[in-house]
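This report concerns only the one structure given below.
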Amino acid sequence: MHMQSKNQLIFQCIQSAAQAREVIQVLMDLAIEYGVKTTTPPAEPLGCCSRGCQGCVWEGFVAAAEYWRERTLRALPL
Numbered sequence: 912m913h914m915q916s917k918n919q920l921i922f923q924c925i926q927s928a929a930q931a932r933e934v935i936q937v938l939m940d941l942a943i944e945y946g947v948k949t950t951t952p953p954a955e956p957l958g959c960c961s962r963g964c965q966g967c968v969w970e971g972f973v974a975a976a977e978y979w980r981e982r983t984l985r986a987l988p989l
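Take 912 as the starting number for the sequence shown in the numbering used here and just add one per residue.
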């Protein structure tokens, strides 16, 4: 992924599970590159009933990924 695209991705709020997966991968790669230890990113949910529940487990995953993104960005020398 091009550096500008990486920056656009990691510096915007996470809005979806697919975006969360991408952001987590890019930030984990950057942490390794810079030798920065990070907390473990949130795990993807294992169970979803696919009924579109309010408070869906995927909403929780996206929120947790956003929190992890913010903390990890503060730890990286960017």
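No residue lacks a Cβ here, since even glycine has one placed at the ideal position from N, Cα and C.
Here the structure is a predicted model, which is why all the values come from computation and not from measurement.
| query | result |
| --- | --- |
| Where the alpha helix (DSSP H) containing glycine 971 begins and where it ends | 968-986 |
| Isoleucine 925 - containing alpha helix (DSSP H), residue span | Counting along the chain, isoleucine 925 falls outside any alpha helix (DSSP H), and DSSP gives it neither H nor E. |
| Burial state of isoleucine 943 (16 or more Cβ within 10 Å) | exposed |
| Nearest residue (CA-CA) to alanine 929, options Cys960, Trp969, Leu987, Ala986 | Trp969 |
| Top-ranked residue by Cα proximity to cysteine 959, from Thr949, Pro953, Thr951, Phe972 | Phe972 |
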